[in-house]
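Taking numbering that gives the first Met the number 0, I'd label the letters of the sequence shown as residues 0 to 305.
By construction, the Cβ of each residue, glycine as well, lies at the ideal position given by its N, Cα and C atoms.
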Amino acid sequence: MSTVRLQQLGFTSLETDIYLALLRHGEMTGYAVAKQVGKVVANVYKALESLHQKGAVLQLQQEQKRYAAVPWRQLLDHEQRKFSQTLSELATELENLPAPDAQEAVYQLKNPDQLLYDSRQLCREAQGLLLADLQPAAVPLLAEELITAAARGVEVRVKIYEPADLPGVQLTLRANGREVYGKTADVSLKLVADGNHFVIGLLSADLSRVIQAFKSRSALLNMSLFCGLTYELILTELKQSLAQNDLARSQQILADTAHLHPFSTENQVFHQFNQRYNAARQPHDNSAEAEQNTQQDNQPDQGEPR
């Protein structure tokens, strides 16, 4: 097993055999190492030099050059620091890459881990408004990120189907929620943030499989889902207050949620939508292109006599 792991660190098969031999038997000459591993002396000396460059072997300058393995804990610490530095430098370089123009793309998610990662990332990126509809099994999976978003000032509103403890999050509890979500064995989740990013998914009851899931930054689709969740949240609360003939509570609900309506209040969701499609709304001037095409059509075919 250690042989395979060392090779995963970038050691060749011969380097792995040599390092393990030095660990087991202590310092040796290059010739002794070659005898121990049963390889050609010249190849062993090349591998010892490579291991020295990698920081895995020490050269002991005595009357006869001898070699010793760097203690394995020291080697692993060195490799871990090197790997962490590589990841950090790579992250910096990748951040400087130009972002692809994928704003209107819709991505299908097939893996539960990817679905949960994207859902949590949506919560982390939310800046002003985050709406969600979460069935009970999905709540604990996203609880930490929802609470954290609310704590940093994001308005987080979540429709739930069973009581839950999410400090700072504005919860809308669906009446008879257990009966509603119990109609299927699926676990549903819907999230949209700032009219800029949505994730919607359906998981198997044991959360091991994605039945269907999508994510997108399309402003049109985000506007549609945001409006849908907004009216779901409002209607759920209104139905309960009106059923109790609580007119004052109903009026309060409408007042407290008025700012959520994108077009009537021109909130950040509206601005996100409006700005995204401003250029596309402008009429395209085809006159110059049409004139150029006409001139080309009037030119004689070069393959025919004038």
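Give me the residue from the options with the minimum Cα distance to residue i.
i    : options                   : result
G29  : A46, L75 and L22          : A46
V153 : D193, N175 and Q134       : D193
L141 : D117, L128, Q126 and G127 : D117
P139 : I233, L188 and Q84        : L188
R80  : G200, G54 and S217        : G54
Y66  : G227, Q84, E103 and H24   : H24
D205 : A184, N221, V56 and E143  : A184
Q169 : R156, A136 and K238       : R156
R208 : T256, L5, E26 and D112    : D112
T147 : C122, D245, Q251 and G37  : C122
A125 : Q134, Q102, A150 and A136 : A150
A136 : G176, V3 and Q102         : G176
Q271 : V179, V191, Q250 and S240 : V191
G167 : L74, Q52 and E143         : E143
F10  : I252, Q251, L74 and L246  : L74
State the CB to CB distance for the pair residue i and residue j, rounded to an integer number of angstroms; the pair is presumed to be in contact (CB under 8 Å).
i    : j    : result
F213 : Y106 : 7 Å
Y18  : L59  : Going by Cβ atoms, the distance from Y18 to L59 rounds to 16 Å, so no, they are not a contact pair.
K158 : E231 : 6 Å
T235 : L130 : So it is not a contact: roughly 12 Å between Cβ atoms.
V32  : A41  : Actually they are not in contact, since the Cβ atoms of V32 and A41 sit about 12 Å apart, beyond 8 Å.
E88  : L8   : That pair is no contact at about 18 Å.
A68  : L22  : 5 Å
A104 : S223 : Their Cβ separation, rounded to whole angstroms, is 16 Å, which puts A104 and S223 out of contact at 8 Å.
I210 : L220 : Not quite, the Cβ-Cβ distance comes to about 20 Å (not below 8 Å), so this is no contact.
L145 : L165 : 6 Å
I need the DSSP call for residue i, collapsed to helix, strand or coil.
i    : result
K53  : coil
I17  : helix
G167 : coil
S83  : helix
E94  : helix
E236 : helix
L89  : helix
Y276 : coil
A125 : coil
V40  : helix
I'd like the list of long-range same chain contacts for residue i, defined as Cβ closer than 7 Å, with 5 residues on each side in sequence excluded.
i    : result
H258 : T264 and N266
Q6   : S12 and T15
Identify, in the order they occur along the chain, each residue of the same chain with its Cβ nearer than 6 Å to the Cβ of residue i, setting aside the five sequence neighbours on each side.
i    : result
V268 : G194, F225 and P261
G200 : L114, L188 and A212
R275 : A218
Q35  : A20
Closer than 8 Å by C-beta to residue i: which residues in its own chain qualify, once you throw out the five before and the five after it? Chain order, please.
i   : result
V39 : A33
Does the stretch 145–160 come close enough to the stretch 107–115 to have 3 or more Cβ pairs within less than 8 Å? The stretch 145–160 is not in contact with the stretch 107–115.
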